[in-house]
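Chemist: Please find one structure pasted underneath; my questions will follow.
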């Protein structure tokens, strides 16, 4: 595989480095324990995010995800609550203690998002946004870098290299499905990328089976598969009432489904000598 | 997902049917126990296939795979030992008791292959070969139907429908990777297809992580992921000396690697309430 | 580009060979004049094929296409009139003098199809069907080899190599669209493959914009584009009443639309120093 | 095709609108005359850009392209001359009168680029960069919006909708190749998108055969094909010494090749009732 990867990669390449561990408020990502990050696609209201935060914490999630700035295909779709959404996330953290993962869409909202988030997410549509990658390379906060849905693993590792080269080595990668001819699933979750990237790089690798499949019923089996393949963590969409979600309802779990999933994941984690 | 699947599918569709179990010489595929089918890409010599059969049996495989007729991209590549290869497979079965899975490439060699094989494999390049599907629909022997590497799940289920409609309901499906833009791996193993097909159809589903990834080091993690995702079995390439194989060496495991893999798989199988 | 093509290709490779010209009943394909092959997807009835043959001849087509054996995704779809269809094609040739291009799906119908057809078409789903390629390599009749919709140019040239190696050098290649993530069109017509193949091989290259796009309105502009890109001919679906066609109606032209297209093509052909 | 396009599209949708014409310093794009925009991938030096500007003007180009800010896969590749490059482009315009097309990568360099450019290019990697699209929607200058190499036509039209909705209706679309499994060419130029978009939208559509193919020898045939398919213009990479270019040399034409191409294009343009 190494011959299909840029020889110019310096900072992200595995070479003889041991696994990097990224720390978020005391939680280690990339160590033995698998990290589950859960929450709604978009922050929609105070009650929605608070209820979800409580439920996912109770079920075993270690961090809360939720979008305040949403990159939507149509300009007429819900674009997120913006700063109001960030405040609600902070309130959820206040109550539950769960660190916040939220997306940054542009350099000019970096300071705003930084003042609320514990992890800055670079979304799939921005993986090639090099000015944004350089911007987050300049901050001292962990970055969750999603793979572009049309990006090769090599391009993805190069995107991470932009961040590390700009000074920030707290980078977690996240596979979230690639675009293929198959339209049964929303994207094709490329789980092979997990062991491949673990071999080629020292950075932690997470998996988002919600966007990767687009179907609620596929999230539990693919979450287990991700852990079996060696993922260091999962990003899972959870909503109090998925059928009423403003975005991504069909791929969101409700609280019970999420609780069941976490139980099932524990067994798989142990089977591959990890814990949850 | 159902809306992306042909409403005309009758015999393969799940509807309210329970899981189909295909039986091969007393081995059940599609039941609780996960089946491991192992062996070389091509039968190359008597010693190669006999040694491999003994080794994979000892490690825990329940069936032997091996190609006697090989569909190769170039007419100048090794095309298989043909009947000589089938005889060697039969000899390996004689000695080890492992049933034989081997590929059928054309209707006019059906009788020949039938007289040696326990399971007829329809390869990825022949999934759209409807005369061949009709031909194997007329025999009383289990069929392993690989997904075309550019086939949608819907086309794959329709291919199975050809076999069942022609009278043979002993069909096992096998995901083996689809062609995408990513060239780090030989194909992109579409593991989401496993739970999707289990939902849409009652047929057993196997996974071939060797062709699906093309890299030896990715076979163990993706085998575990396949089981975690709900696969009923695995097809794994094993060779006494992978670096000397006439075909697919880079994706073949040696005996030790295969033995280690089977050990690891047991734990994952149990974690998803299956056995090995 | 040469470095992405198998170095083992011998007979189809361009090297210093001049353009090959394939002759069908006195019509040259691969010479200055661009050849238009037109007709329905499937032969459906005597009146349908005879009317179409007359109309496309009058409009300027030099050969008649029509399927008697149809590879259909679903076993419940119309599968073609088989020998009855071949007889109707022969009757249309009798009356109009247009040579017949029709698909062969399996080696065991080779003699039957040979006794009616002037050109044997290998369809996109059979490009990897090596026994079939070897079979048509043994006959003295021109072969129209469609590109597999998931085949690389290299695999396509290797498929042609199977035919030439088996003794038949009368091969025409036909680009007909590849499978990509874009679902606006049925396939993505890869016109770049035309000049690429003309550079890499001496064989004539045709284009099928009907299957390549799947939309009637895109057939005229893409036919012109194909000629401008250097194609030696076109395969165009024409039906007396496209809205009533048993297969591929949405991509078929009616007689008037086909007549207009041929007029427009003449000008483009001349602009690239060809004729029609 | 309309059923595969968002029904929410308002401003870019064709409906019963006539073709939009975008004007750049008196040059009309989207009218009868086909526009050729040529120049190097990157501005590298004063002599390089001045020589190229003179040569492409003499050969018949109506605008000059050249990148000052370059989105490169690797952070270690040449990233462009930035403001120095913009100044050199302005000097080339001063001398030749050719308007300047150059890429904008981030909102915070909008004022800088605006002060030099005549057309702002949004590159393929930024098609999903909605903050950037909103930013250029707020200026009174023509926008050249490249299709994301993994974007569906629907997503591309929605990206244009972001610009129009933000107040700027001077948008030109540019097809530049999509990512597919085929690796013979750098991307797969999706020329069918040209007539499809002309039907679905009133905006002008250009084609970039240089990035779309990645091979110099394919640029002339695919340029002709683009015009035959109905493109309103072309974006072509030209360099004084392609073999010494700092980026994209293999797909750049030298001056003589570009001159020959323009001559050939004139004939094709006339064959489809356009002019050059």
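Chains as they are written, first to last, in our numbering: chain A, 29 to 304; chain B, 29 to 304; chain C, 29 to 304; chain D, 29 to 304. Even glycine gets a Cβ: it sits at the ideal position worked out from N, Cα and C. Bear in mind the structure is a predicted one, so any value in this text is a computation, not a measurement.
Please say whether residue 228/D and residue 263/D have beta carbons closer to each other than 8 Å?
Modeler: Sequence index remark: in the fourth chain, residue 263/D carries index 235 (1-based). Sequence index remark: in the fourth chain, residue 228/D carries index 200 (1-based). The answer is no: Cβ separation not under 8 Å.
Chemist: The segment 224 to 241 of chain C: which residues have C-beta closer than 8 Å to a C-beta of chain D, in chain order?
Modeler: Taking 8 Å as the Cβ-Cβ cut-off against chain D, the residues of the segment 224 to 241 of chain C that qualify are 224, 227, 240, 241.
Chemist: In this structure, does DSSP put residue 110/A in helix, strand or coil?
Modeler: Numbered from 1 along the first chain, position 82 holds the residue referred to as residue 110/A. Coil, per DSSP.
Chemist: Counting only beta-carbon atoms, is residue 208/A nearer than 8 Å to chain C?
Modeler: Here residue 208/A is taken as the residue at index 180 of the first chain, counted from 1. Yes, contact with chain C.
Chemist: Going along the chain, which residues of the segment 131 to 148 of chain A sit with their C-beta nearer than 7 Å to a C-beta in chain D?
Modeler: Result list: 133, 134, 135, 136.
Chemist: Would you say residue 168/D faces chain A, with C-beta separation under 8 Å as the test?
Modeler: Stepping through the fourth chain from its first residue, residue 168/D is reached at position 140. Output row for residue 168/D: interface = no.
Chemist: Whose C-beta lies closer than 6 Å to the C-beta of residue 165/A among residues of the same chain, with five residues either side of it excluded?
Modeler: In the first chain, the residue the question calls residue 165/A occupies position 137. Cβ neighbours of residue 165/A beyond the five flanking positions: 191, 194, 195, 196.
Chemist: Residue 52/A to residue 145/A, Cα distance in whole Å?
Modeler: As a first step, residue 52/A is located in the first chain; it is residue number 24 there, counting from the start. As a first step, residue 145/A is located in the first chain; it is residue number 117 there, counting from the start. Those two C-alpha atoms are separated by around 11 Å.
Chemist: Among 36/D, 103/D, 97/D, 167/D, whose alpha-carbon lies nearest the alpha-carbon of residue 112/D?
Modeler: As a position in the fourth chain, residue 112/D is number 84, starting the count at 1. Here the closest residue by C-alpha is 97/D.
Chemist: Note down the Cα distance separating residue 62/D from residue 141/D, rounded to an integer number of angstroms.
Modeler: Within the fourth chain, the letter at position 34 stands for residue 62/D. Within the fourth chain, the letter at position 113 stands for residue 141/D. Those two C-alpha atoms are separated by around 26 Å.
Chemist: Just the chain A side, please: which residues come within less than 8 Å of residue 66/B by C-beta, in chain order?
Modeler: On the second chain, position 38 is the one that residue 66/B refers to. Ordered by position in chain A, no residue passes the 8 Å Cβ test against residue 66/B, which lies about 19 Å from the chain.
Chemist: If you follow the beta strand (DSSP E) that residue 200/B is in, where does it begin and where does it stop?
Modeler: Within the second chain, residue 200/B is the residue found at index 172, counting from 1. Looking at the DSSP string, the run of the beta strand (DSSP E) that includes residue 200/B is 199 to 203.
Chemist: Given that residue 211/B touches chain D, what residues does it touch there, using C-beta distances under 7 Å?
Modeler: For the purposes of this step, residue 211/B is identified with residue 183 of the second chain, where counting begins at 1. Residues of chain D passing the Cβ test: 211.
Chemist: Measure the C-alpha to C-alpha separation of residue 70/B and residue 77/B and round it to an integer number of angstroms.
Modeler: Residue numbering aside, residue 70/B sits at position 42 when the second chain is read from its first letter. Residue numbering aside, residue 77/B sits at position 49 when the second chain is read from its first letter. Answer to the nearest angstrom: the Cα atoms are 9 Å apart.
Chemist: Take every Cβ of the segment 250 to 263 of chain D, pair it with every Cβ of the segment 272 to 279 of chain D, and state whether three or more of those distances are shorter than 8 Å.
Modeler: The segment 250 to 263 of chain D is not in contact with the segment 272 to 279 of chain D.
Chemist: By how many angstroms is the C-alpha of residue 241/D removed from the C-alpha of residue 54/D?
Modeler: For this step, residue 54/D is matched to residue 26 along the fourth chain. For this step, residue 241/D is matched to residue 213 along the fourth chain. Near 31 Å, if we compare the C-alpha coordinates of residue 241/D and residue 54/D.
Chemist: Considering Cα atoms alone, identify which of 107/A, 162/A, 301/A, 177/A is closest to residue 136/A.
Modeler: The residue labelled residue 136/A in the question sits at position 108 within the first chain. For residue 136/A, the nearest C-alpha among the options comes from 162/A.
Chemist: If you scan the segment 105 to 191 of chain B from start to end, which runs of the alpha helix (DSSP H) of 4 or more residues do you find wholly inside it?
Modeler: For the segment 105 to 191 of chain B, whole alpha helix (DSSP H) runs of length 4 or above, ordered along the chain, are 111 to 124, 138 to 142, 158 to 165.
Chemist: DSSP state of residue 289/A, grouped into three classes?
Modeler: In the first chain, residue 289/A corresponds to position 261, counting from 1. Reduced to three states, the DSSP call for residue 289/A is helix.
Chemist: Closest to residue 110/A by CA distance: which of 134/A, 125/A, 88/A is it?
Modeler: For the purposes of this step, residue 110/A is identified with residue 82 of the first chain, where counting begins at 1. Comparing Cα positions, the closest option is 134/A.
Chemist: Taking DSSP's pairing of strands, which residues face residue 264/D in a bridge?
Modeler: Start at 1 with the first residue of the fourth chain, and residue 264/D comes out as number 236. According to DSSP, which records beta bridges pairwise, residue 264/D is partnered with 66/D.
Chemist: For residue 230/A, does the count of other Cβ atoms within 10 angstroms reach 16, so buried, or fall short, so exposed?
Modeler: The residue given as residue 230/A occupies position 202 in the first chain. It is buried - the Cβ of residue 230/A has at least 16 other Cβ atoms within 10 Å.
Chemist: Strictly below 7 Å CB to CB, what residues from chain D border residue 307/A?
Modeler: Any question about residue 307/A goes unanswered here, given that chain A covers just 29 to 304.
Chemist: Do the CB positions of residue 26/D and residue 209/D come within less than 8 Å of each other?
Modeler: This structure cannot settle anything about residue 26/D, because the visible part of chain D is limited to 29 through 304.
Chemist: According to DSSP, residue 57/C sits in a beta bridge with which residue or residues?
Modeler: Working through the third chain from its first residue, we reach residue 57/C at position 29. According to DSSP, residue 57/C bridges with 50/C.
Chemist: How about the segment 169 to 176 of chain D and the segment 284 to 300 of chain C: do they share at least three Cβ pairs that are nearer than 8 Å?
Modeler: Taking 8 Å as the limit for Cβ pairs, the verdict is that the segment 284 to 300 of chain C does not touch the segment 169 to 176 of chain D.
Chemist: Show which residues of chain A have a CB atom less than 9 Å away from the CB atom of residue 60/B.
Modeler: One-based indexing of the second chain puts residue 60/B at position 32. What residue 60/B touches in chain A: nothing, since even the nearest Cβ is about 16 Å away.
Chemist: Quick one: Cα of residue 1/D to Cα of residue 57/A, how far?
Modeler: The structure shown has nothing for residue 1/D, since chain D only spans 29 to 304.
Chemist: Quick one: grab the DSSP three-state call for residue 277/A.
Modeler: Mapped onto the first chain, residue 277/A falls at position 249. Looking at residue 277/A - three-state DSSP - the assignment turns out to be helix.
Chemist: Who pairs with residue 93/A in a beta bridge, going by DSSP?
Modeler: Here residue 93/A is taken as the residue at index 65 of the first chain, counted from 1. According to DSSP, residue 93/A bridges with 129/A.
Chemist: Grab the span of the alpha helix (DSSP H) containing residue 78/A for me, first residue to last.
Modeler: Position 50 of the first chain holds residue 78/A. Taken as a continuous stretch (DSSP letters only), the alpha helix (DSSP H) holding residue 78/A covers 74 to 87.
Chemist: Quick one: what's got a C-beta closer than 6 Å to residue 274/D's C-beta in the same chain, skipping five residues either side?
Modeler: Here residue 274/D corresponds to residue number 246 of the fourth chain, with the count starting at 1. Excluding residues within five positions, the ones whose Cβ falls inside 6 Å are 70, 72, 106.
Chemist: Given that residue 216/B touches chain A, what residues does it touch there, using C-beta distances under 8 Å?
Modeler: What you label residue 216/B is simply residue 188 of the second chain in a count that begins at 1. Under the 8 Å cutoff, chain A gives 206, 208, 216, 218, 220.
Chemist: Could you round the C-beta distance between residue 34/D and residue 102/A to whole angstroms and report it? I think they count as a contact, below 8 Å.
Modeler: As a position in the fourth chain, residue 34/D is number 6, starting the count at 1. As a position in the first chain, residue 102/A is number 74, starting the count at 1. Going by Cβ atoms, the distance from residue 34/D to residue 102/A rounds to 6 Å, so yes, they are a contact pair.
Chemist: What first and last residue would you give for the beta strand (DSSP E) that runs through residue 235/D?
Modeler: Translated into the one-based positions of the fourth chain, residue 235/D becomes position 207. Looking at the DSSP string, the run of the beta strand (DSSP E) that includes residue 235/D is 233 to 235.
Chemist: Taking DSSP as the reference, what is the three-state secondary structure of residue 303/B?
Modeler: Along the second chain, read from residue 1 onward, the residue named residue 303/B stands at position 275. In the structure shown, residue 303/B sits in a strand (DSSP, three-state: E or B).
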